[in-house]
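Here our numbering is used: position 31 in the sequence shown is 41, and no number is missing along the way. We treat Cβ as the ideally placed atom computed from N, Cα and C, and that holds for glycine. Data block below; observations after.
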Amino acid sequence: VGPEITKSDLVGAFQNLMKDCEAEVRAAASHKVKEFCENLSPDCREAVIMGQILPCISWCRTVSDANQHVKSALASVIMGLSPILGKDNTVEHLLPLFLAQLKDE
Numbered sequence: 011v012g013p014e015i016t017k018s019d020l021v022g023a024f025q026n027l028m029k030d031c032e033a034e035v036r037a038a039a040s041h042k043v044k045e046f047c048e049n050l051s052p053d054c055r056e057a058v059i060m061g062q063i064l065p066c067i068s069w070c071r072t073v074s075d076a077n078q079h080v081k082s083a084l085a086s087v088i089m090g091l092s093p094i095l096g097k098d099n100t101v102e103h104l105l106p107l108f109l110a111q112l113k114d115e
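Shown next, in the form of structure tokens:
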């Protein structure tokens, strides 16, 4: 599929997987966050991650998940987005998520 279909259809489908009612689905999607983001078109990658993927990660972490598999999957990939997003976005957006994961019980 091309970049337009990816942006218009696959991002929404991935968001749905991240918010699925089954913890196993959320965990599997969480393990693929970095890989999914790396395969986004470079011209829209940062905007899609910041506007659509990070809100899903925050939602999974704060609202929905007491499931340890999902938390573990998210913790293992959050900082992997750092090279994609750069220093400023990492400090402003990823670091707070990562620190919240460390404080989580």
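Does the distance from the C-beta atom of residue i to that of residue j stay below 9 angstroms?
i, j, result
"residue 2", "residue 27", "Residue 2 is absent from the model: the chain starts at 11 and stops at 115."
"residue 108", "residue 63", "no"
"residue 84", "residue 59", "no"
"residue 95", "residue 104", "yes"
"residue 54", "residue 13", "yes"
"residue 88", "residue 43", "yes"
"residue 80", "residue 110", "no"
"residue 92", "residue 41", "no"
Looking at the structure shown, is residue i part of a helix, part of a strand, or coil, going by DSSP?
i, result
"residue 29", "coil"
"residue 22", "helix"
"residue 51", "coil"
"residue 96", "helix"
"residue 35", "helix"
"residue 43", "helix"
"residue 11", "coil"
message: As an exercise, report each continuous alpha helix (DSSP H) stretch of at least 4 residues that is fully enclosed by the region 58–91, in chain order.
response: 64–69 and 78–87
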